[in-house]
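Reviewing the structure listed below.
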Amino acid sequence: MTSYQEPIFDVAQLAHVEILSPKLEQSVEFFTRFLGMEVTARSEKSVYLRAYEDFYQNTLIITESHQEGVGHVAWRATSPQALERRVTEIEKTGLGKGWIDGDIGHGKAYQFTNPDGHLMEILWDVDYYHVEEEQRSKLLNRPSKRPDRGVPVRRLDHINLMTSNPGADTDFMLDNLGFRLREQIQDNGHVLGSWISVSNLVHEIAYMQEPNGVKGKLHHLCYWYGIPQNLYDVADLLKDHDIKIEVPPNKHGVSQAFCMYVIEPGGNRIELFGDAGYIITDPAWKPVIWEMKDVPGNGDTWIGTEFPQSWWTQGTPLTAVESTEVVKS
Ligand SMILES: O=C/C=C/C=C(\O)C(=O)O
Ligand SMILES: [Fe+2]
């Protein structure tokens with residue numbers, strides 16, 4: 002069986018995500034006041050944050066920008082050697098941009114783009130969060146006390162990018178970074194959505210079709226609670242404080258996650274997970290393929306309200322939506 006294509010275990014996890022906001026301080030307040038996240042650093046145009054069970058110095062960077070959207074997505078390799086192996090493969094694609102010295106919270110990183118142009122980086126050296134004594138938790142596997150504000154999210158979960166060509170981006174991540182395809186939505190052979198992971202989760206990243214072929218957009222960023230009730234608590238809180246709830250608490254078909262979607266003050270869609278869905282341990286997992294005609298009412302929402310058209314057509318930065326039949330038959 003020497004011909005068996007072995008998995009590549011060189012990428013460990015989603016390390017952090019940078020989002021862009023034209024309302025920096027209002028976006029920061031959303032994540033700190035309502036989602037209980039902590040600001041761990043500030044630079045001239047960016048604010049660095051973590052959730053209380055994120056072990057790294059930060060998992061979210063919010064950067065002031067004239068328009069909303071995604072800044073960059075950062076992956077942590079499984080070792081310094083794995084980092085070098087992945088950089089070698091990425092450089093062969095011609096999409097490599099080169100090394101940077103690092104940023105607040107991490108050391109040198111190799112920057113690249115996926116085919117649609119989303120900026121990414123891969124790294125090994127990270128700074129762990131340093132907890133001050135008064136914030137140390139008696140729960141030894143928890144890096145800091147549960148915050149006493151809002152309904153605090155526990156950790157970063159995944160990112161979903163909107164792209165002109167989900168199939169090309171999916172193949173890039175599978176071929177060069179060792180992601181495995183877990184679920185996919187197709188429309189007569191055209192890839193409309195992919196959920197891919199390097200772990201037992203269904204996805205650390207997902208790609209979805211941008212209906213008008215606009216490149217480089219964000220669909221959503223997701224933080225995890227792991228407790229379904231928390232979604233009803235945070236939905237109640239956000240509704241009372243006039244944060245737009247696009248999709249109320251709901252069980253996804255794809256991934257089987259218990260989710261909800263809100264729009265943070267900067268305009269970006271944020272997903273909150275009450276449960277991350279099913280876990281994959283089969284090394285030879287066969288991707289679940291959905292035909293788009295079977296998705297509405299089953300793949301998007303298994304239990305809960307129908308997904309609004311905006312969920313299928315709008316990413317950030319917001320651009321005009323002329324046609325939508327591409328996405329939803
Ligand atoms: O049909 C679409 C299902 C989407 C699922 C997710 O975005 C998710 O699992 O986070
Ligand atoms: Fe998601």
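So the sequence shown is numbered by the numbering used here: it starts at 2 and just counts up by one. In this text, a Cβ means the ideal position worked out from N, Cα and C, and glycines have one as well.
In the structure shown, the three-state DSSP call for K216 is coil. The three-state reading of DSSP puts F32 in helix, counting H, G and I together.
Looking at the backbone, the Cα of L141 and that of R155 are separated by about 15 angstroms. The criterion of a C-beta distance shorter than 8 angstroms is not satisfied by L222 and Q210. Within the stretch 116 to 202, the complete alpha helix (DSSP H) segments at least 4 residues long are 167 to 178, listed from N- to C-terminus. Taken from the Cβ of H119, every heavy atom of ligand 2 lies 7 angstroms or farther away. Note on L84: 16 or more other CB atoms within 10 angstroms of its CB, so buried under the neighbour-count rule. Short of 6 angstroms from the beta carbon of H119, and not among the five residues preceding or following it, lie these beta carbons of its own chain, in chain order: L162, G217.
A75 sits away from R87, with the two beta carbons spaced by 8 angstroms or more.
Put simply, the backbone Cα of V296 is about 21 angstroms away from that of G275. L319: not part of any beta strand (DSSP E); DSSP gives it neither H nor E. Assigned with DSSP and collapsed to three states, M38 falls in coil, not helix or strand. Rounded to the nearest angstrom, the Cβ distance from F35 to V235 is 7 angstroms, consistent with a contact under 8 angstroms. Per the DSSP secondary-structure output, D104 pairs in a beta bridge with H107. For Q14, no alpha helix (DSSP H) run applies; the uninterrupted beta strand (DSSP E) run containing it begins and ends at 12 to 22, by DSSP.
The alpha-carbon separation between D243 and P8 amounts to approximately 46 angstroms. In this structure the stretch 168 to 184 lies against the stretch 100 to 119, because at least three pairs of beta carbons, one per stretch, are closer than 8 angstroms.
Along the stretch 240 to 317, the alpha helix (DSSP H) occurs as fully enclosed runs of 4 or more residues at 310 to 314, listed in sequence order. Excluding residues up to 5 positions away in sequence, Q257 lie with their Cβ nearer than 6 angstroms to the Cβ of Y279 in the same chain. Ligand 1 never approaches N251 closely enough for any of its heavy atoms to be under 7 angstroms from the residue's Cβ. Assignment of beta-bridge partners to G99 by DSSP yields Q112. Secondary structure note for Q58: it is in no alpha helix (DSSP H), with a DSSP letter that is neither H nor E.
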